[in-house]
Each structure stands twice: as structure tokens, then as C-alpha cells.
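If you're matching positions, the sequence shown starts at 6 in this note's numbering and goes up one per residue. Note that the Cβ used here is the ideal one computed from N, Cα and C, for glycine as well. Notes follow once the structure below has been shown.
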Amino acid sequence: TIDSCNPYTGACVHTADPNCSPCQGLNCDDGNPCTIDYCNPYTGACVHKPKNCDDGDPCTIDSCNPYTGACIHKPDPNCNPNPCYGVNCDDGDPCTIDSCNPYTGNCIHKPNPNCQLACSFTQGFWGNSGGSFNGQTTTQIVQNILSNGPVVIGVVGYRSLSISQAQCIFKLLPGGGNANALPANMGDIAVQASACAIAPVPSYSDGRIQNILAAQTLALALNVRYDPNLANLQLSNACVSFPWSVLSSLPANPTVLDLLNHANRVLAGIANTTPSTINSAVATVNEYFDECASTCVAANSPGEEGPSVANGLEAASAFAEKGFRLYPNPASGEIMVDLKQYQGLPATLHVYSVLGGLAHRQEFAELPADPVRMELAGLSSGLYFLKVRIAGEQEMGKEFVISKQ
């Protein structure tokens with residue numbers, strides 16, 4: 006600055022010198038070859054910026070040689086060369102394609118353009134007046150459903166229960182007991198509050214239905230009224246398997262609504278399927294799509310590798326019958342799953358019971374070339390379903406039987 010005194014006021018004046026540079030003649034070299042040294046042209050202060058030796062490789066330890074200034078990239082002995090090793094990118098959203106960036110190890114969640122959701126709820130949800138989902142209370146949801154007419158289980162003119170008040174839904178569910186047809190000669194009963202009596206249909210002392218088939222069918226009837234996508238969903242796209250005795254009683258390309266109608270006929274005593282068998286199928290749908298899950302439509306869409314879809318009676322059991330081998334079947338306590346064509350890819354394997362409950366789960370950051378062994382000694386004899394999800398995207402599955410006789 007050019008400094009002077011104002012002759013009129015006596016105040017000091019500091020005027021910038023246009024010919025002066027704050028860095029002129031200043032040496033900012035700190036003698037460290039691992040810093041980039043320069044002078045701030047506005048303040049005249051020296052800046053010593055560390056040299057950037059990052060080579061972008063997550064498996065090297067990057068540093069600067071303090072004598073030469075050269076960058077050093079030393080392999081990290083604790084680093085797996087695959088940054089996706091052990092990374093679980095499943096975000097819990099059934100309508101995203103989840104994957105791991107093989108260069109950075111970061112998760113990627115891309116919207117699945119083929120995704121379709123179906124929504125159901127279990128008996129416990131429908132029987133809880135204080136519950137909620139997606140911003141609505143259970144009471145509001147049930148009242149909205151009943152505003153379009155009563156929910157009926159069984160077949161009117163044979164044996165049926167008709168419920169038109171939310172209070173009675175909460176009174177009757179969740180049910181229990183054995184799976185049976187409704188009592189013969191009971192006729193058509195309109196259930197009325199506040200007692201919500203259903204006699205001669207058995208009930209517990211607190212009013213809940215003592216017939217698990219009636220309770221599960223009531224839950225499914227509410228579910229298909231809540232979500233038309235579920236009602237119209239073909240069983241071949243439901244991602245779970247159904248007993249042959251059920252499929253053989255349904256029309257070609259059966260839907261969940263067809264399954265509900267058949268359950269109602271069994272309740273009315275005008276269908277031959279055993280009550281316990283149809284109850285298992287109905288419960289499977291109620292539980293698998295609980296609070297919304299993706300259907301298997303995307304996996305079955307044309308042009309994609311994955312499950313093939315058969316027509317008619319084979320439809321629901323044909324989900325993903327190609328793509329991998331499972332043996333032995335029946336099994337006594339362990340199964341082998343051959344997924345060698347997907348070697349090196351991340352995968353999740355789920356085993357579901359015939360009721361849709363998760364019985365076993367295994368995760369692999371990278372599938373091996375050899376068959377995968379699944380120890381299932383803790384599972385009881387029965388029919389199970391294995392669902393395989395590859396790289397968070399492709400899904401396929403197979404039925405198998407555990408027999409311990």
C-alpha cells in the first residue's frame with residue numbers, strides 16, 4: 006500500500022499500490038517434495054498442498070515418497086480384489102434391481118421396469134383394529150372395503166357367512182382351529198354387531214372363528230377386495246407352488262380370485278378338495294404377499310432368461326423349472342443346488358414352507374463353481390420351495406420334498 010496522511014483530517018490513508026504483487030519475490034518452497042507449494046495471490050500467504058497420489062484402486066495403499074516426491078502404490082494385503090465381496094445390496098424394495106459396482110463396491114438400485122406388486126395382509130392384520138398401513142388405519146381400510154358391499158365366505162344358497170360391519174371383522178379374526186367345511190344345513194348367516202355371532206360355526210370364547218379355513222378365506226376375501234392386482238394375479242406368477250389337487254380343480258390359467266372361489270366352494274361343501282389342502286394354498290397367498298411383494302411376472306417376461314410359464318394345470322408349478330439343478334429330490338436332510346452357470350455372481354437362496362413361511366436362508370457374495378450344499382436337517386418332512394435370486398435381479402425356483410421316513 007501507499008501510505009499517507011490526509012492533510013485536511015489528519016487520518017491515515019492506505020492506497021493499494023498498482024505496481025505491487027503480494028507474492029513478488031516470495032519463495033514458498035518448504036523443501037517437501039510431497040507438497041505442491043505456491044503463494045496465494047490475494048493474501049501473499051504460502052500454501053503447501055499435499056500431493057494427491059490416489060490411483061483409484063481400492064486395493065492399493067497410496068503414498069508419496071518423502072525423498073523423491075514420487076507416488077507409491079503398495080498392494081493392500083487385507084484387501085479383497087473384488088470390492089463387492091461380502092456386500093449385500095438388497096434394499097428391501099422388491100421393485101428395484103439391486104447390484105454392486107465391481108469397481109467401487111457401491112450398491113446400485115435401479116428401478117425394475119417390469120416390476121408388478123401384489124398386496125395382501127395376514128389374519129393378524131385384519132383382526133387388529135389399531136393397525137395401520139400406508140397412511141391408513143386398519144379400521145379405515147376395512148370400512149372402505151365394506152362400503153362396496155359385505156364380504157362373503159362360503160356360497161350363498163348353500164352355506165355362507167356375510168359380514169358387513171368392520172366391528173365383526175375385528176371380532177372374528179384372527180381365527181384358528183382345524184380346517185373344515187362350514188356346518189351342514191347352516192344356511193346363509195348375516196353376521197350382525199355387536200355380538201357378531203356365527204353359530205353354528207364354531208368360535209372361541211372371545212368370538213374368534215374356530216375354523217382356520219374360514220378364517221384364512223375371510224382374510225383372502227378382504228385381500229382381493231383391497232388389491233385388484235392380487236385378485237387378477239395368475240398363480241403361475243405368484244412365486245410360490247400349490248398342491249396338484251388344488252390346481253386340478255381350477256380353470257386354465259387360474260388366478261388368485263379363482264383360488265378364493267374354490268376355497269368358498271370347499272367351505273360350502275360343494276367341492277372335493279380337502280379343507281386342509283385348500284387352507285394351505287390360501288394361507289400361502291395371504292402370507293407371501295404380506296404388506297406387498299413383487300410378483301414373478303418380470304422373471305417370466307419374454308426375452309429374459311428365467312422361469313418359463315406353462316399353461317393350464319402346470320402353470321403354478323412351472324415357475325423357473327429351468328436355470329439350475331436341485332438334488333436329491335426327495336431329500337432326507339440336505340440338498341445340493343447346482344448354479345455353476347452363475348459362478349462368481351452374488352446370490353441369495355430362500356427355502357419356504359408350503360404355508361409361505363421362510364424356513365432357511367443362505368447368502369453368497371460369489372457363487373462357487375461346485376454345487377452349493379444346503380443343510381436342512383432341522384426341517385420336518387413336507388413340501389418346500391427353493392427361491393434363488395441372482396445378482397439381486399433374476400429369480401427362479403423349484404419345489405422339493407423332504408422325507409425323513
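task = For Val18, I'd like the list of residues in its chain whose CB is within less than 6 Å of its CB, leaving aside the five on either flank, ordered along the chain.
result = Ser9, Asn11
Contact check, Ala1 vs Ser408, beta carbons under 9 Å = The displayed coordinates of the chain run from 6 to 410. Any statement about residue 1 would go beyond what the structure contains.
Which listed residue (Thr300, Asn57, Tyr43) has its alpha carbon closest to that of Cys51 = When each option's Cα is compared against that of Cys51, the closest is Tyr43.
message = By the three-class DSSP mapping on this structure, what secondary structure does Gln346 have?
response = helix
query = CB Glu371 to CB Tyr90, shorter than 9 Å?
reply = yes
request  = Please determine, among Ala16, Tyr13, Ala21, Thr101, the residue with the shortest C-alpha to C-alpha distance to Ile7.
outcome  = Ala21
query = Quick one, which of Pro23, Asp211, Lys176, Leu384 has its alpha-carbon nearest Gln197's?
reply = Lys176
key: Given 8 Å, three or more beta-carbon pairs between the segment 113–129 and the segment 219–235   = yes
inquiry  = Going by DSSP in three states, Leu331 sits in which element: helix, strand or coil?
reply    = It is a strand residue.
task = Could you check if Cys25 is buried or exposed, using at least 16 other CB atoms within 10 Å of its CB as the buried criterion?
result = exposed
ask   = Whose C-beta lies closer than 6 Å to the C-beta of Cys84 among residues of the same chain, with five residues either side of it excluded?
value = Cys64
Cβ-based burial, Asp96 [other Cβ within 10 Å; buried from 16] = exposed
Close Cβ partners of Ala276 (< 7 Å) along its chain, the five nearest in sequence each way excluded = Ser254, His267, Arg270
task = Would you mind reading off the limits of the beta strand (DSSP E) that contains Lys115?
result = 112–116
key: Ile146, buried or exposed, once every other Cβ within 10 Å from all chains shown has been counted against 16   = buried
inquiry  = Report the CB separation of Pro179 from Arg213 in whole angstroms; it is logged as a contact under 8 Å.
reply    = 7 Å
key: For Gly136: DSSP bridge partner residues   = Beta-bridge pairing links Gly136 to no other residue.
inquiry  = Less than 9 Å between the beta carbons of His493 and Asp35, yes or no?
reply    = No information on residue 493 is available, as it lies outside the stretch 6 to 410 that the chain covers here.
key: Extent of the continuous beta strand (DSSP E) run through Gln128   = Not the beta strand (DSSP E): Gln128 falls in the alpha helix (DSSP H), residues 128–131.
Sequence-distant residues of the same chain with beta carbon closer than 7 Å to Tyr357, five excluded per side = Val245, Leu363, Ala364, Tyr389, Phe390, Lys392
request  = Quick one: grab the DSSP three-state call for Ser199.
outcome  = Coil, per DSSP.
inquiry  = What does DSSP give as the partner residue(s) for Met341 in the beta ladder?
reply    = Bridge partners of Met341 according to DSSP: Tyr332, Arg378.
ask   = Ordered along the chain, which non-local residues of its own chain (more than five positions away) have a Cβ less than 7 Å from that of Pro205?
value = Pro188, Met191
request  = Indicate the three-state DSSP secondary structure (helix, strand or coil) for Tyr389 in the structure shown.
outcome  = strand
query = Taking the alpha carbon of Val406 as the point to measure from, which residue in Leu331, Pro38, Ile102 has its own alpha carbon closest?
reply = Leu331
ask   = Going along the chain, which unbroken runs of the alpha helix (DSSP H) with 4 or more residues stay wholly within the segment 231–285?
value = 233–236, 249–252, 261–272
Residues of its chain near Ser250, where Cβ-Cβ distance is below 8 Å and the 5 sequence neighbours each way are ignored = Thr278, Thr279, Thr282
task = Excluding the 5 residues preceding and the 5 following Thr109 in the sequence, name in chain order all residues of the same chain whose CB lies nearer than 7 Å to its CB.
result = Pro88
ask   = Quick one: what does DSSP say Ala204 is sitting in, helix, strand or coil?
value = Coil.
ask   = Taking C-alpha atoms, which residue in Ala16, Gly338, Ser137 lies nearest to Gly383?
value = Comparing Cα-Cα distances from Gly383 to each of Ala16, Gly338, Ser137, the minimum goes to Gly338.
request  = Check whether the Cβ atoms of Leu240 and Leu264 sit closer than 9 Å, and answer yes or no.
outcome  = yes
request  = Compare the Cα-Cα distances from Pro80 to each of Asp60, Asn93, Thr73 and report the closest residue.
outcome  = Asp60
Reduced DSSP category for Cys94 - H, G, I as helix; E, B as strand; rest coil = Annotated three-state conformation of Cys94 is coil, per DSSP.
ask   = For the alpha helix (DSSP H) that Ala171 lies in, which residues bound it at each end?
value = 171–177
key: Where Val287 sits in the DSSP three-state scheme   = Residue state, collapsed to three classes: helix.
ask   = Which residues does DSSP pair with Asp193 in a beta bridge?
value = Ser165
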